[in-house]
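Below is one structure; the comments refer to it alone.
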Amino acid sequence: MKLICGNSNSALAEAIAAHMQVPLAQCNVRRFADEEVFVEIQENVRGDDVYVIQSTSYPANDNLMELLVLIDALRRSSSGRITAVIPYFGYARQDRKSSPRTPITAKLVANMITQAGADRVLTMDLHAGQIQGFFDIPTDNLYALPEIGKDIQKQKFRDNIMAVSPDVGGVVRARALAKRLSTGLAIVDKRRDKPGSSEVMNIIGDVSDKSCLLVDDIIDSGGTICNAATALLEKGAAEVFAYISHGVLSGKAVDRINSSDLTSLVITDSICATEAVTKSSKIRTISVAPMFAQAITRIANGESVSILFE
Ligand code: R5P
246 MKLICGNSNS ALAEAIAAHM QVPLAQCNVR RFADEEVFVE IQENVRGDDV YVIQSTSYPA
306 NDNLMELLVL IDALRRSSSG RITAVIPYFG YARQDRKSSP RTPITAKLVA NMITQAGADR
366 VLTMDLHAGQ IQGFFDIPTD NLYALPEIGK DIQKQKFRDN IMAVSPDVGG VVRARALAKR
426 LSTGLAIVDK RRDKPGSSEV MNIIGDVSDK SCLLVDDIID SGGTICNAAT ALLEKGAAEV
486 FAYISHGVLS GKAVDRINSS DLTSLVITDS ICATEAVTKS SKIRTISVAP MFAQAITRIA
546 NGESVSILFE
């Protein structure tokens, strides 16, 4: 077995390798002067079961290209089986035609990864579970929820906690957290009465005096979570925490979180933390390296992966 990584999240790749006690394969992923990606695998991989660890996070296009070029290099080096390990699968939010004459880029990216030569995919918390079906190769979608649940149980939250979905689309995830913690469930329902009117946030469920745990797959600009936190406090919540699988945190998102009504935000290390994230007193990171290490070991041994979610 071989583990190999691009430049998107080498900290996570090293942590996975340390858990598995398998060194990362020697590989040089660099740029030509014009920014073309060039890959050189510096050890024999002929016939090996190879796992390429690369999140397609910011800069999404560069990191995606690195993944594709790595897979191509491995295929042309006669690897036995290539698994694309994509802790954060970028472009997942473009999973349907949101309006006429728009692309379904999640499908395009799935095609590109398959065409490059991947035999299977291992990822986590796809924005929509059905994206697994965009790949015509075996695809395992891990869930951060068990790790999130463990972290919540270690914290000294008041008894009065409630799982909250920040939008109607995330209800399944929040319901799963509520079930795991045996708590109630609330939903933030955003709507505009008519185009151009300001957005109204209604809360479905009684959150008064509750410690609310917002749960979502992605935090990008931070708008969804910060606005939901304010709306929950206005409805009488005692405090608001957020647990999010993928800390995309673009632009001024960290500043927004630092000055928001959130008590704290917990993200996973599926995306490499920026300096602003590591310096923020409100943001904490939990590692999914042990979970990925276990999943890779199970795939390599032909064992069940779904057992990890039970
Ligand atoms: C949307 O459906 C996703 O689950 C997230 O809620 C969304 O991507 C968050 O984006 P932002 O942080 O920019 O509001």
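FYI, the numbering for the sequence shown is 246 to 555, going by this note's numbering. Every residue gets a Cβ at the ideal spot worked out from N, C-alpha and C, and that includes glycine. Just so it is clear, the structure is predicted and the values come from calculations on it, not from any experiment.
Quick check on the DSSP output: the beta strand (DSSP E) that includes residue i runs from which residue to which?
i: Glu484; result: Glu484 to Gly492
i: Ile406; result: Ile406 to Ser410
i: Asn447; result: Val445 to Ile449
i: Leu459; result: Ser456 to Ile464
i: Gly429; result: Gly429 to Arg436
i: Ala329; result: Arg326 to Ile331
i: Glu285; result: Val282 to Ile286
i: Val511; result: Ser509 to Thr513
i: Leu239; result: In the structure displayed, the chain extends from 246 to 555; residue 239 sits before or after that span and is not available.
i: Lys247; result: Lys247 to Cys250
Verify whether the separation of the beta carbon atoms of residue i and residue j is less than 9 Å.
i: Ile286; j: Ser322; result: yes
i: Gly335; j: Thr301; result: yes
i: Val416; j: Val485; result: no
i: Met357; j: Leu309; result: yes
i: His372; j: Asp340; result: yes
i: Lys342; j: Ile331; result: no
i: Ala355; j: Ile327; result: no
i: Phe537; j: Pro391; result: no
i: Val284; j: Asp317; result: yes
i: Tyr488; j: Leu430; result: no
i: Val499; j: Gly468; result: no
i: Leu257; j: Ser490; result: no
i: Leu315; j: Val267; result: no
i: Ile432; j: Ile406; result: no
i: Ile541; j: Ile261; result: yes
i: Ala518; j: Thr530; result: yes
i: Ala337; j: Thr513; result: no
i: Ser495; j: Tyr303; result: yes
i: Gln271; j: Glu288; result: yes
i: Glu311; j: Gly251; result: yes
i: Ser504; j: Lys480; result: no
i: Ile382; j: Ala361; result: no
Taking the continuous alpha helix (DSSP H) assigned at residue i, which residues delimit it?
i: Ile393; result: Leu390 to Lys399
i: Lys497; result: Counting along the chain, Lys497 falls outside any alpha helix (DSSP H), and DSSP gives it neither H nor E.
i: Arg418; result: Val416 to Leu426
i: Cys471; result: Gly468 to Glu479
i: Val522; result: Glu520 to Lys524
Can you say whether residue i is buried or exposed, counting buried as having 16 or more other CB atoms within 10 angstroms of its CB?
i: Arg418; result: buried
i: Val445; result: exposed
i: Ala278; result: exposed
i: Gln398; result: exposed
i: Ile502; result: buried
i: Thr347; result: exposed
i: Asn324; result: The displayed chain sequence assigns Ser, not Asn, to residue 324. Its Cβ being crowded by 16 or more others within 10 Å, Ser324 is buried.
i: Ile552; result: exposed
i: Leu353; result: exposed
i: Asp293; result: buried
Among the options, whose alpha-carbon lies nearest the alpha-carbon of residue i?
i: Val522; options: Ala473, Gly374 and Asp465; result: Asp465
i: Leu477; options: Ile489, Val499, Asp451 and Asp462; result: Asp451
i: Asp461; options: Ala545, Ala498 and Gly492; result: Gly492
i: Arg365; options: Pro304, Asn386 and Val511; result: Asn386
i: Ser253; options: Met246, Arg403, Val282 and Gln266; result: Val282
i: Lys455; options: Leu430, Ile470 and Ala482; result: Ala482
i: Cys457; options: Ser344, Arg436, Asp506 and Leu494; result: Asp506
i: Lys435; options: Lys401, Thr428, Ile470 and Leu269; result: Ile470
i: Ala545; options: Asp404, Leu367 and Lys527; result: Leu367
i: Tyr296; options: Met246, Glu520, Leu313 and Arg420; result: Met246
i: Lys527; options: Glu520, Leu510, Val533 and Ala534; result: Leu510
i: Gly414; options: Ile463, Arg403, Phe379 and Gly394; result: Ile463
i: Met265; options: Arg276, Glu548, Gln539 and Glu280; result: Gln539
i: Val533; options: Ala474, Gly394 and Asn472; result: Gly394
i: Phe583; options: Leu426, Glu548, Arg320 and Arg291; result: Nothing can be reported for residue 583, as the shown portion of the chain is limited to 246 through 555.
So is the beta-carbon of residue i under 8 Å away from any non-hydrogen atom of the ligand NAD?
i: Gly292; result: What this structure holds is the ligand R5P, not the ligand NAD.
For this session: Within the stretch 271-315, note down every full beta strand (DSSP E) run reaching 3 residues or more, in order along the chain.
Result: 272-276, 282-286 and 294-298
Exercise. In chain order, which beta strand (DSSP E) runs of at least 3 residues are fully inside the stretch 330-386?
Worked result: 365-369
Exercise. Can you list, in chain order, the stretches of the alpha helix (DSSP H) that have 4 or more residues and sit fully within the stretch 529-553?
Worked result: Complete alpha helix (DSSP H) runs here, min 4: 534-546.
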